[in-house]
Amino acid sequence: MKLLLVDDHLLFGVGFAHALSLAEPGVEVFNASSLDAALELATEHADLDIVLVDYKLGLDNGIDGLRRFGRQFPHIARMLISGDETLTLLAAARAAGASGFIGKTQSLAQMQAALKQVASGGLAFGSLPGSALPDVQLAGSPQPTLRQLEVLAMLAHGQPNKRIAAALGIAERTVKLHVTALLGQLGARNRTQLLVLARQRGLL
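Going letter by letter, the sequence shown gives residues -4 to 199 in my numbering.
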């Protein structure tokens, strides 16, 4: 199995590659610290099985990275890896074309199982059943769309409308419309209250 890990934390990348190669003979792990470097490596290694993209990549965004890999290398399975393990992020990753999610707090055995599942053509989203997406319900309110959940996740990480629009490939005006819809669904007066209510209701 050939893997490409995209993570700007060198120690994690080296440690992950070393631990996995010891536990799973025959696994080869390439490391890249940025999306551009990863895309170049993927060009050189056409037989990659899985690319694992970290959610936080400095100025880059892992969700956008999943989309970029999907456009350029649709034959390579994609997984998101992150220290944040929320239903919102799982939904955003799946919506961006990920076949699985690995939390950085998971055990090596859990990571191995997820990688094998994805390598065999399946989906691996932790305890979620099969291919089901997180079903986040708001009592008495319409359920946010996957795109609205993506916007919400990026708002929670301090991203401005312009950057959210660029990352999602939509107009800035559309981002504002999604935010307005979320404010109405959660009954929030402003963005600060929106994030507080979203966390209280398990959306973040």
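All residues carry an ideal CB built from backbone N, CA and C; glycine is no exception. Owing to the predicted nature of the structure, the values given are computational and were not obtained by experimental measurement.
According to the neighbour-count rule (16 or more other Cβ atoms, all chains shown, within 10 Å of its Cβ), is residue 181 buried or exposed?
buried
In whole angstroms, what separates the C-alpha of residue 134 from that of residue 53?
Because residue 134 sits at a pLDDT of 39, beneath the cut-off of 50, its placement in the model cannot be relied upon, and the following sentence gives the value as read from the coordinates. Taking the straight line from one Cα to the other gives about 36 Å.
First through last residue of the beta strand (DSSP E) which encompasses residue 0
-3 to 1
Same chain, Cβ closer than 8 Å to residue 169, neighbours up to 5 away in sequence not counted
Cβ within range, chain order: 160.
So if DSSP puts residue 72 in a beta bridge, which residue, or which two residues, is it bridged to?
45
Taking the straight line between their C-alpha atoms, what separation do you get for residue 86 and residue 112?
18 Å
Just list the residues that DSSP pairs residue 96 with in beta bridges.
75
Could you check where the alpha helix (DSSP H) with residue 18 kicks off and where it finishes?
5 to 18
What are the start and end residues of the alpha helix (DSSP H) that includes residue 148?
141 to 151
Bridge partners for residue 52 per DSSP, in chain order?
55
DSSP state of residue 166 mapped onto helix, strand, coil
Three-state DSSP puts residue 166 in coil, outside helix and strand.
With the cut-off set at 8 Å, would you say residue 199 and residue 151 are in Cβ contact?
yes
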